[in-house]
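These notes concern the structure reproduced below.
2 protein chains.
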Amino acid sequence: MPYTRDQLVEQLRRHDINPTHQRIEIAFALYSRGEHLSADQVLAIVNDRHSETSKATVYNTLNLFLEKKLIREVIVDPNKVFYDPNTEPHHHFYNVDTGELADIDAAGVEVHGLPPLPDGMVTEGVDIIVRVRSR
Amino acid sequence: MPYTRDQLVEQLRRHDINPTHQRIEIAFALYSRGEHLSADQVLAIVNDRHSETSKATVYNTLNLFLEKKLIREVIVDPNKVFYDPNTEPHHHFYNVDTGELADIDAAGVEVHGLPPLPDGMVTEGVDIIVRVRSR
DNA sequence: GTCACGATTAGACTCAGTCCAGATCATGGT
DNA sequence: ACCATGATCTGGACTGAGTCTAATCGTGAC
Ligand SMILES: [Mn+2]
Ligand SMILES: [Mn+2]
Ligand SMILES: [Zn+2]
Ligand SMILES: [Zn+2]
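As given, the protein sequences belong to chains F and X, one line each in that order.
Here the first sequence is numbered in the working numbering, starting from 1 and rising by one per residue.
Here the second sequence is numbered in the working numbering, starting from 1001 and rising by one per residue.
The structure is reproduced here in structure tokens:
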């Protein structure tokens, strides 16, 4: 979890991403906290001290990271996408009251009884979202 | 599946919804096809022959139906919500190439190994989305 | 007929996300 | 050092889903 910027530079390179200042900061925002962040939140974090990254670059970069599979997206809120630095197969708790997202390790989770795929289809992944309320 | 408008009027009443002309037509669009439709698609279907329902009413009505649990929403495409006339517990195949959604009956599907909920939390539901590609 | 009240409406508005054309930056060759 | 080149970044215009508002409509009670 305690990622240094140097480690992130390596990780960007391993994913064929030219490690520019902005890209390093955006990766750092996501990886150093290990949280699920919206584009808005990333923009705010990266520009917290002094403005140094534009909205366009944040979106460009998040989409580049997605493409290069450095992060994944989580679609659970109809209003915004969450970006997830955890690319291991895993699932999510989603608190419908607070909007909080929490990871569920996929190891140990099994799904039985799914019907066979239509012919000529191949599974890309199985996402499980456990919607929870605060009681 | 072959819903008559009269049956839908009854169903609306059972859910405490005053069955107006527009509401009946919107319910008919969803229930007669049994498909997952976006608000845009509902608007187009309802106004196919002659314009009779506004965008505002389509959104008002879909949100009313949701509130009264006549339909549910499926969040899987970052660009739009799908509205689902099937309110039984069930899961979905999502074709990431075509955008198609298909139901998976929940009967027979079991999930094992989920961690216990954080204290004071209660499960609202478990959604499984099987993302598939066309091969 | 008039009143009240719920439903519908056009159109302005919001907000996430994209697009574009110009500026800036990094790199390598001379 | 100097320039050329391509990649990156940027402000700001733009798009499209969804919401809001204030005016109008429809219906039933009186
Ligand atoms: Mn800095
Ligand atoms: Mn009609
Ligand atoms: Zn996650
Ligand atoms: Zn469904």
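Even glycine gets a Cβ: it sits at the ideal position worked out from N, Cα and C.
Does DSSP put residue i in a helix, in a strand, or in coil?
i	result
F/Ile71	coil
F/Tyr3	coil
F/Ala102	strand
X/Val1188	The requested residue 1188 of chain X does not occur in the structure, where chain X is confined to residues 1001 to 1135.
X/Asp1097	coil
F/Arg23	helix
X/Ser1134	coil
F/Glu124	strand
X/Ser1038	strand
X/Ile1045	helix
I'd like to know whether the C-beta atoms of residue i and residue j end up nearer to each other than 7 Å.
i	j	result
F/Leu101	F/His112	no
X/Val1074	F/Val126	no
F/Lys68	F/His21	no
F/Val76	F/Tyr94	yes
X/Leu1070	X/Val1058	no
X/Gly1120	F/Arg133	no
F/Pro78	X/Val1096	no
X/His1036	X/Asp1084	yes
X/Ile1024	F/Ile128	no
May I have the straight-line CA-CA distance separating residue i from residue j, to the nearest angstrom?
i	j	result
X/Gly1034	F/Gly34	40 Å
F/Thr98	F/Ala107	26 Å
F/Val46	F/Asn18	18 Å
F/Tyr3	F/Leu66	19 Å
X/Lys1055	X/Ala1039	8 Å
X/Asn1086	F/Asp6	50 Å
F/Ile26	F/Thr123	31 Å
X/Leu1008	X/Phe1028	7 Å
F/Leu117	X/Asp1103	12 Å
F/Ser32	X/Leu1114	26 Å
X/Thr1053	X/Leu1062	13 Å
X/Pro1089	X/Glu1010	22 Å
F/Asn60	F/Arg72	14 Å
X/Leu1012	X/Leu1030	13 Å
X/Arg1049	F/Arg49	57 Å
F/Leu64	F/Gln41	17 Å
X/Ser1051	F/Ser51	49 Å
Is residue i near ligand 4, going by C-beta to nearest heavy atom under 6 Å?
i	result
X/Asp1127	no
X/Asn1086	yes
X/Asp1141	Past the edges of chain X, shown from 1001 to 1135, lies residue 1141 of chain X, and the structure says nothing about it.
Using a Cβ-based criterion (distance less than 6 Å to any ligand heavy atom), does residue i qualify as near ligand 5?
i	result
X/Asp1077	Absent from the structure shown: ligand 5. Ligands present: ligand 1, ligand 2, ligand 3 and ligand 4.
Practice item. Output, in sequence order along the chain, the residues in the segment 1110-1127 of chain X whose CB is closer than 7 Å to any CB in chain F. Key: Glu1110, Val1111, His1112, Gly1113, Leu1114, Pro1115, Leu1117, Gly1120, Met1121, Val1122, Thr1123, Glu1124, Gly1125, Val1126 and Asp1127
Point to revise | Against chain F: residues of the segment 1049-1080 of chain X by CB proximity under 8 Å | key: Glu1073, Ile1075, Val1076, Asp1077 and Pro1078
Exercise for review: Report the residues of the segment 91-109 of chain F with a CB closer than 7 Å to any CB of chain X, ordered along the chain.
Suggested key: Val96, Ile104, Gly108 and Val109
Exercise for review: Could you list the residues in the segment 1018-1032 of chain X with a C-beta less than 9 Å from some C-beta on chain F, going in chain order?
Suggested key: none
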